[in-house]
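Everything below concerns the one structure shown next.
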Amino acid sequence: MTLPLSRIAVLTGGLAVAALSLSACGAATSQSATTPDGKKANTATSATDFGGMDALVAAAKKEGTLHAMALPRDWANYGALIDGFTEKYGIKIEVENPDGSSQDEINAVTSRKGQDRAPDVLDLGSSFALSGAQQGLFASYKVASYDDIPTAQKDPQARWYNDYGGYVSIGCDAKRVKHCPSTFKDLLKPEYKGQVALNGNPTKSGSAFGGVYAAALANGGSLDDVQPGLDFFAELKKNGNYTPVESTPATVEKGETPISIDWDYLNAGYADEFKSKGVDWKVSVPSDGRYAQYYSQAVTKDAPHPAAARLWQEYLYSVEGQNIWLKGYARPALMPAMEKAGTLDKDAAAKLPEVSGTVTFPTEAQQNKAKGVIAQGWGKAVSG
């Protein structure tokens, strides 16, 4: 689909990422959370189905813990969300391997099935949300605001739904790079030797996957043809501009990844975070490779803390939770509905990175095809 964009543009299509694979340990103990009238949390398809929000909150508090993976505190304001949830409900959130990938999360779900260290909830890139649902890994659960989530951004069976998203952007340390690039074409210039990084490996990371897709669009490719994106990174590797160092807040602060292809909300967050440390981080959405994506949330089908997992979703899709995403420069899925209802944080919306023109989103089939092409060709493109 295609749609016009403004300064506070909202993505109304597409999908989107994060996570880990570790050995299982111990049997799950919390899946029997049951109301006095016999309703079980692990089969509840909504708060109403479980007896209402009060019943869900009580059951979640009794469980006392939520196990998550791949939720960095500095990613799209996750730190504020985690703290807000714990303060509001008194439930501890255990975040394992915060810098993990979406594939790591899927691996953990499959390898730890029935174990108390299995992840309760997932934050996944779009292609991983689709494949996880196809594998039957997610529970069907409708948050109270489910009907307000745009149709194109949710699974009809409520096994996943989009939450927050953004655009592929180019971040640049203006104190280390004399002329910051603003397009993919710029990145090929010889002055950027050893400076261009991605946030992860595109076969595992949603943000890096988006970076390759955006590069394809900038170099004659399309949503049906991601190969030009691989060719672009092969050329970057050949001319010495690509660095295999995966960009993180630490590598940005240290100057190890002076140019980072990443989501605009992460790059915008770095600009704020490191200003006091002397890093002048500039952010631009490349006009020649405009690509946007959302990340999706899901409840694990065999969540060891099923009530807490469902309550976490309710919190993320509340007005409070959605505005916290927005304060982290991410565009929340409920932004259109909140604008209409007058509940959107307008000051936070006005600070979003500027984007003009139009953006298109890949279909499920296009994403699956691109995922296969990148899986087969990425190693060859950047090897040697």
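According to mature numbering (1 follows the signal peptide of the UniProt record, and there is no 0), the stretch in the sequence shown is residues -26 to -1, 1 to 358, in order. Cβ coordinates follow ideal geometry from the N, Cα and C atoms, glycine included. All values derive from a computational prediction rather than experimental measurement.
Checklist entry - When burial is assigned at 16 or more other CB atoms within 10 Å of the CB, is H153 buried or exposed? => result What you label residue 153 is simply residue 179 of the sequence shown in a count that begins at 1. The residue is exposed, with fewer than 16 neighbouring Cβ atoms inside 10 Å.
Checklist entry - Exposed or buried, what is E328 when buried is set at 16 or more other beta-carbons lying within 10 Å of its beta-carbon? => result For the purposes of this step, residue 328 is identified with residue 354 of the sequence shown, where counting begins at 1. Exposed, by the Cβ-count rule.
Item to check | Span of the alpha helix (DSSP H), counted from its first residue to its last, around Y244 | outcome: Taking the first residue of the sequence shown as 1, we reach residue 244 at position 270. Here the alpha helix (DSSP H) through Y244 covers D238 to E247.
Checklist entry - According to the Cβ coordinates, are L172 and G185 closer than 8 Å? => result Translated into positions along the sequence shown, residue 172 becomes position 198. Translated into positions along the sequence shown, residue 185 becomes position 211. For L172 and G185, yes; Cβs fall inside 8 Å.
Checklist entry - Thinking C-alpha only, which one of L45, D205 and K62 is nearest L285? => result Here residue 285 corresponds to residue number 311 of the sequence shown, with the count starting at 1. Measuring from the Cα of L285, the nearest candidate turns out to be K62.
Checklist entry - Within 10 angstroms of its Cβ, does S119 collect 16 or more other Cβ (buried), or is it exposed? => result Within the sequence shown, numbered from 1, the residue matching residue 119 stands at position 145. With 16 or more other Cβ atoms within 10 Å, it is buried.
Checklist entry - Between Q271, V170 and P176, which lies nearest to A349 when the distance is taken from Cα to Cα? => result Your numbering for residue 349 matches position 375 in the sequence shown. For the residues Q271, V170 and P176, the minimum Cα distance to A349 belongs to P176.
Next on the checklist: Helix, strand or coil for Y115? Go by DSSP, reduced to three states.
Outcome noted: By 1-based counting over the sequence shown, the position of residue 115 is 141. If DSSP states are grouped into helix, strand and coil, Y115 belongs with coil.
Item to check | Terminal residues of the alpha helix (DSSP H) in which E61 lies | outcome: Walking along the sequence shown from the start, residue 61 turns up at place 87. From DSSP, the alpha helix (DSSP H) with E61 extends over Y52 to Y63.
Checklist entry - Taking just the CA atoms, how far does Q131 sit from M309? => result Residue 309 sits at position 335 when you count from the first residue of the sequence shown. Residue 131 sits at position 157 when you count from the first residue of the sequence shown. Spanning the two alpha carbons is a distance of roughly 22 Å.
Next on the checklist: Please identify the residue among A304, V293, K301 and S330 whose C-alpha is closest to the C-alpha of K314.
Outcome noted: Here residue 314 is taken as the residue at index 340 of the sequence shown, counted from 1. Nearest C-alpha to K314: V293.
Item to check | Cβ neighbours of P306 in the same chain (closer than 6 Å, five flanking residues each side left out) | outcome: In the sequence shown, the residue the question calls residue 306 occupies position 332. Closer than 6 Å at the Cβ level, and outside the excluded window around P306, lie Y138, Q296, W299 and L300.
Checklist entry - Based on the DSSP output, what are the partners of L40 in its beta bridges? => result Looking up residue 40 in the sequence shown gives position 66. BP columns for L40 point to I67.
Item to check | Presumed contact (8 Å Cβ cut-off) between P164 and N213, rounded CB distance | outcome: Along the sequence shown, read from residue 1 onward, the residue named residue 164 stands at position 190. Along the sequence shown, read from residue 1 onward, the residue named residue 213 stands at position 239. Rounded, the Cβ-Cβ distance is 7 Å, consistent with contact.
Next on the checklist: Since A44 and G74 should fall inside the 8 Å C-beta cutoff, what is the C-beta to C-beta distance between them, to a whole number of angstroms?
Outcome noted: Sequence index remark: in the sequence shown, residue 44 carries index 70 (1-based). Sequence index remark: in the sequence shown, residue 74 carries index 100 (1-based). Indeed they touch by this definition, with Cβ atoms about 4 Å apart.
Next on the checklist: So, with DSSP's three-state summary, where would you put W49?
Outcome noted: In the sequence shown, counting from the first residue as 1, residue 49 sits at position 75. Note: W49 maps to coil in three-state DSSP.
Item to check | Whole-Å CB distance - S101 paired with K343, under 8 Å assumed | outcome: Counted from its first residue, the sequence shown places residue 101 at position 127. Counted from its first residue, the sequence shown places residue 343 at position 369. About 10 Å; that fails the 8 Å criterion.
Item to check | The alpha helix (DSSP H) enclosing Y289, as first and last residue numbers | outcome: Here residue 289 is taken as the residue at index 315 of the sequence shown, counted from 1. Note, Y289: alpha helix (DSSP H), P280 to L290.
Item to check | Residues that DSSP places opposite K14 in a beta bridge | outcome: Walking along the sequence shown from the start, residue 14 turns up at place 40. Partner(s): T8.
Next on the checklist: Measuring straight from C-alpha to C-alpha, what distance separates residue 373 and I80?
Outcome noted: With the chain covering only -26 through 358, there is no way to say anything about residue 373.
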